[in-house]
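First to last, the protein sequences are chains A and B.
My numbering applies: residue 34 is where the first sequence begins, and numbers increase by one.
My numbering applies: residue 2 is where the second sequence begins, and numbers increase by one.
Glycine included, C-beta positions come from ideal geometry on N, C-alpha and C.
Quick caveat: nothing in here was measured; it's all calculated off a predicted structure.
Worksheet for the structure shown next.
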Amino acid sequence: MSEKRKYEMVVGLETHVELSTKTKIFCSCTTAFGGAPNTHCCPVCTGMPGTLPLLNKKVVEYAVRAGLATHGKINHLCRMDRKNYVYPDLPKAYQISQSDQPISVGGYVELDSGKHIRLHHIHIEEDAGKLVHENGSTYIDYNRGGVPLIEIVSEPDISSPEEAKEYMTKLQILMRYIGVSDCKMQEGSMRCDVNVSLRPWGQKEYGTRAEIKNMNSMNFVVKALNYEYERQADLLDSGEKVTQDTLRYDEETSTTALMRRKEDAQDYRYFPEPDILSFRISDAFIGKVQGGMPELPMAKKKRYLASGISEQIVEDLYKYRRVTDFLDETVRLGGNMQKAATLITGTVYALLATEEDKENFDIPVTPGDFAQLVKYVDDNKVDFTVARKTLQKMVKEGGRLSDYIRASDLEDLPDDVLREYCARAIAERPQAVADFKNGRDSAVTSFYGPVKKQLQGRNINIKQIDAVLRDLLSKM
Amino acid sequence: MKERISRLSALLRAGEISSVELTKKYIAEIERSNPVLNAYVHATFETALAQAEGADKRLKEGHAPLLCGIPMTLKDNISTKGLETTCCSKILENYRPFYDATVWKKLQAEGAVLLGKTNMDEFAMGSTCETSCYGAALNPRDTSRVPGGSSGGGAAAVCAGLAAYAVGSDTGGSIRQPAAFCGIVGLKPTYGAVSRYGLIAYGSSLDQIGPLTASVKDAAIVFDAISGYDARDNTSENVPMPAVTPALGRDVKGLRIGVAEEYFEGIGAEIRAPIERALAFFEANGAKIVRFSLPELKLALPVYYIIACAEASSNLGRYDGIRFGYQAKKYTTVDDMIITVRSEAFGKEVKRRIMLGSYVLSSGYYDAYYKKARSLRERIVGAFSAAFEKCDVMLAPTAPNTAFPLHYSGSNMIETYLSDVCTVPVNIAGVPSVSIPCGTDKAGMPVGMQFIGRKFGEADILNAAYFFEQNGDSGVPEPEGGGQL
């Protein structure tokens, strides 16, 4: 933040997260992304006259999961409402959403600083279709229409672009963890509207806010907020007023532009959806959802830090649910947590090119084999470098650990064999022998490599090798 | 020979007539009378004959359902796959749905033969059938009068013998009032008893599909065929619904008939007298008349217009000329296209109700109108529940008047709205009601009375209506067509 920041920034986010249920919110069409235009739709999701919506129970379950994961209070009596507005991608001219009785109320998302960004509520609703502009014509693709969304509405607790980004990252990690969404911003399965206002530091009342619609990248959110700060600060500095406008972000220029003024604001004429009766969410249902909830990312992060893993490694680990599951299982099977964590972030990650690869963590190594490998390292039976190489091969080529490290490799080496290896190494390097004899003690180390080479990965304590070498040299 | 379905069904089973022959007779009758009556707006004779052939096969095989092979009609707001379904609105011109309404699916499974779609007020908004984009249907009992609405075409068709029975919809009286005007039977079932899937919505929380028939028993048979839980309609109730037809024929000894005085306020003698006669008849047959006040009835009309119009304003938002129906010839932008389509293709009454509905939902007015109406609705629901602790069924006039002359309501809008006063309360309360003829006015036009029941009390009201029909005397001549067909 530059010195110019004489105002406090107040930001609230409305984040839309597409749920990864198999079917749409009010019909049984697939929610799969892509597909030829208008092939994932039916009379219900294209709003044909006379059709009626049926609420997908999985959508409610996923939203309850999201509510519980953000420490919200689940409403026992929920209702769907109609939000009326006219746009060609919205075939019924109303969106079925929730207004007064959403799935979850309150709750928070915790940032690394320990700060809580409070949530106002989480509600469920349907997505709209998509307009495709081509050759001067506009086409409508209803495939996305009726895909379930949750809208996570934060309180205006965010006070910087960086915090906004962290909040979004945390939400993304959380939603992926609990398996309700893949939160791919580039595919639009996570997007947000940003409300931003400024006020002089210390002032209690909020300033007038502007809303930036439909942001589909965290970096754009940061840029848009930085731009808005400047724009609003300039207005306030010159004694003008910020108006309650709706803006759109221009990616090319990194600026915001007016979409509509407050006086043109839509009146959505919300009213209870008469086609869907109010529904109850029982304590038993909430209990069941809670029971199926994994350990949440922030809790996991704290646990890893407490176990002594370095901050950087924890940061690389905790965001990926599958990675942490793999790590935890490794530890449960007796693998050392720190060594395992280091091998994952150091060796396995090198082979996983993208975020998505890490997210999927689809490797042909079982936690059992991995735990065994870590134990070999821990027991000094396998050299760490060898372990890394073995792991690399296993990730690339698959197979069991036993295909790479034979039981015989792990047996203690008979003394005479080691002596033989050492004698061979000495015999091959007369110059080093001469150096040693001439008093250059460190010359002994030049035999280590040739001995190790003969060991073929077997992990023999270097002190033991050193002792045998010195013994042989002294007898020469 | 009011009972058409059981009689025609017996003829079909006995092989005295085939469904194809019967269908052809109805078609001939339609071709003869419809140019005047305008009851049908879309004829489906070709598919009807194919359905009749199929029905004949089933009849020969035996075990065919009661409705198998019997020609009937659907209101033009019930979706029929591949067959025009236009709500008698220009905005849905040439619209052919991709799917069948649940009710029509059920009737097809029974072997029903669909002669065509019948006339109605545009989007079911009106009580005269005159807001139809195809022009009004006429009342077969007096062609200078309206058949009532909105299911006017269905009522006219049944009355004139152009269908054995009709299926309509009732949002604020749209089955019962035309039934009363045409001197036939009309049943508005309990909200949630008949699936609304495929019924093109007007006021979703009030709409209910039901039969218009020549007799009470016919209404019971059709109701049994179309009622029942439908997983596609969240507002359909998953409760056991035993068949009501077998429950007909009980006596009325000890039956408590409630009379709420508010239903009779401002009702003229010509309507009141036959109903009082009916009450005396019931009393003479052992029923107990319980008179009480139900002041909440006075709230029903404004509550109805607010809720129905609010829901309609939203339900009708989808008619934008993009995917189906009327298209704009010339436009500049998308907004311009949508505005042009809606301006050109919606009728005056529909526009009026969309504006009313948008107004009562708009910010600043929501609390004063819509929200208040919803809370009053709960009061009305409660008042009906309380009333049914005092009685088993209620008896009330169906309409404060008999059939209007043609072109009357256009210049008497408010009076026409007010004439819904007797029918709308049951839609608000979600309870069932059946209208049957009970007398005539000076001009000989039929007067209707309605039996109102508890939720899922169809058997009670139909039995009371059946008792009157069988043993009382309405003085209303039988609808035509019953005898000869």
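Going by Cα to Cα distance, which pick from the options is closest to residue i?
i: B/LYS456; options: B/SER34, B/ASP442, B/ALA430 and B/GLY155; result: B/ALA430
i: B/ALA466; options: B/ARG324, B/GLY155, B/GLU263 and B/SER216; result: B/SER216
i: B/VAL321; options: B/LEU93, B/ALA53 and B/VAL21; result: Residue identity check: residue 321 of chain B is Asp in the sequence provided, not Val. Closest option to B/ASP321, Cα to Cα, is B/LEU93.
i: B/LEU84; options: B/THR45, B/LYS58 and B/ARG59; result: B/THR45
i: A/ILE309; options: B/GLU30, B/LYS61, B/ALA56 and B/GLU238; result: B/GLU238
i: A/ASP499; options: A/GLN464, A/GLN489, A/ALA458 and A/ALA467; result: A/ALA458
i: A/SER193; options: A/GLU261, A/MET208, A/MET218 and A/ALA126; result: A/GLU261
i: B/LEU207; options: B/PRO98, B/ALA313, B/PRO36 and B/THR87; result: B/ALA313
i: A/GLU296; options: A/SER137, A/ILE173, A/GLN277 and A/ILE314; result: A/GLN277
i: B/ASN95; options: B/ALA180, B/ALA346 and B/ALA309; result: B/ALA346
i: A/TYR118; options: A/ILE107, A/SER130 and A/CYS111; result: A/SER130
i: A/CYS62; options: A/PRO463, A/LYS237 and A/GLY178; result: A/GLY178
i: A/GLY212; options: A/GLY147, A/ALA96 and A/GLY367; result: A/ALA96
i: A/ARG242; options: A/THR279, A/GLU273 and A/LYS217; result: A/THR279
i: B/SER315; options: A/SER315, A/SER340 and A/TYR303; result: A/TYR303
i: B/CYS88; options: B/GLY155, B/CYS423, B/VAL186 and B/ILE276; result: B/GLY155
i: A/VAL484; options: A/GLN464, A/ARG473 and A/ARG452; result: A/ARG452
i: A/ILE58; options: A/LEU85, A/GLY45 and A/LYS39; result: A/LEU85
i: B/SER420; options: B/ASP231, B/SER128, B/THR246 and B/GLU297; result: B/SER128
Which residue comes first and which comes last in the alpha helix (DSSP H) that contains residue i?
i: A/LEU101; result: 90-102
i: A/MET208; result: 194-210
i: A/ARG293; result: From DSSP, A/ARG293 is part of no alpha helix (DSSP H) but of the beta strand (DSSP E) over 288-293.
i: A/THR418; result: 417-430
i: B/GLN451; result: Not the alpha helix (DSSP H): B/GLN451 falls in the beta strand (DSSP E), residues 447-453.
i: A/PHE318; result: 316-324
i: B/GLY153; result: 153-160
i: B/VAL42; result: Note, B/VAL42: premise wrong, no alpha helix (DSSP H); beta strand (DSSP E) at 41-44.
i: B/LEU38; result: 20-38
Residues of chain B with CB closer than 7 Å to the CB of residue i, please, in chain order.
i: A/TYR21; result: Lying outside 34 to 509, the shown extent of chain A, residue 21 of chain A is not represented and no answer is given.
i: A/GLY80; result: ARG319
i: A/VAL142; result: In chain order: nothing, as chain B lies at least about 31 Å away.
i: A/ASN71; result: The contacting residues do not exist; A/ASN71 stays about 10 Å from chain B at best.
Would you mind reading off the limits of the beta strand (DSSP E) that contains residue i?
i: A/VAL50; result: 40-51
i: A/PHE394; result: Note, A/PHE394: premise wrong, no beta strand (DSSP E); not H, not E.
i: B/GLU131; result: Neither: B/GLU131 is in no beta strand (DSSP E) and is coded neither H nor E.
i: B/PRO212; result: 209-214
i: B/ARG343; result: Not the beta strand (DSSP E): B/ARG343 falls in the alpha helix (DSSP H), residues 335-346.
i: B/THR441; result: 434-441
i: A/SER130; result: 127-130
i: B/ASP461; result: Run containing B/ASP461: none in the beta strand (DSSP E); it sits in the alpha helix (DSSP H), 459-472.
Using a cut-off of 7 Å between C-beta atoms, extract the partners of residue i located in chain A.
i: B/VAL195; result: Here the premise fails: no neighbours, minimum Cβ distance about 13 Å.
i: B/GLU312; result: PRO307
i: B/ASP461; result: Residues of chain A passing the Cβ test: none, with the nearest at roughly 25 Å.
i: B/ALA102; result: GLY83
i: B/ASP368; result: Going along chain A, no residue has its Cβ under 7 Å from B/ASP368, so there is no contact; the nearest lies around 12 Å.
i: B/ILE339; result: VAL119
Report the neighbours of residue i on chain B: residues whose CB is nearer than 8 Å to its CB, in chain order.
i: A/ASP390; result: Within 8 Å Cβ-Cβ: nothing; A/ASP390 doesn't reach chain B, min ~41 Å.
i: A/PRO181; result: Under the 8 Å cutoff, chain B gives no residues; its nearest Cβ is about 16 Å from A/PRO181.
What are the residues that DSSP puts in a beta bridge with residue i?
i: A/ILE157; result: A/ILE183
i: A/VAL138; result: A/LYS106 and A/HIS154
i: B/THR74; result: B/GLY117 and B/ALA167
i: A/MET248; result: A/CYS225
i: A/TYR282; result: A/THR289
i: A/TYR172; result: A/VAL165
i: B/LEU200; result: B/ILE79
i: A/CYS111; result: A/PHE312
i: B/VAL186; result: B/THR214
Name the chain A residues that come within less than 8 Å of residue i, Cβ to Cβ?
i: B/PHE99; result: PRO76 and MET81
i: B/SER364; result: ASP300 and ARG302
For chain E, is any of its Cβ atoms less than 8 Å away from the one on residue i?
i: B/ASN95; result: In summary, chain E is missing from the structure at hand, where the protein chains are A and B.
Along chain A, which residues have their Cβ under 9 Å away from the Cβ of residue i?
i: B/SER205; result: LEU85, GLU306, PRO307 and ASP308
Let me know the alpha helix (DSSP H) ranges lying completely inside the stretch 471-501 of chain A, each 4 residues or longer, listed in chain order.
481-488
With a floor of 3 residues, list each beta strand (DSSP E) that falls wholly inside the stretch 374-429 of chain B, ordered by position along the chain.
394-398
Just list the alpha helix (DSSP H) runs in the stretch 273-352 of chain B, keeping only unbroken ones of 4 residues or longer that don't cross its boundaries, in chain order.
298-316 and 335-346
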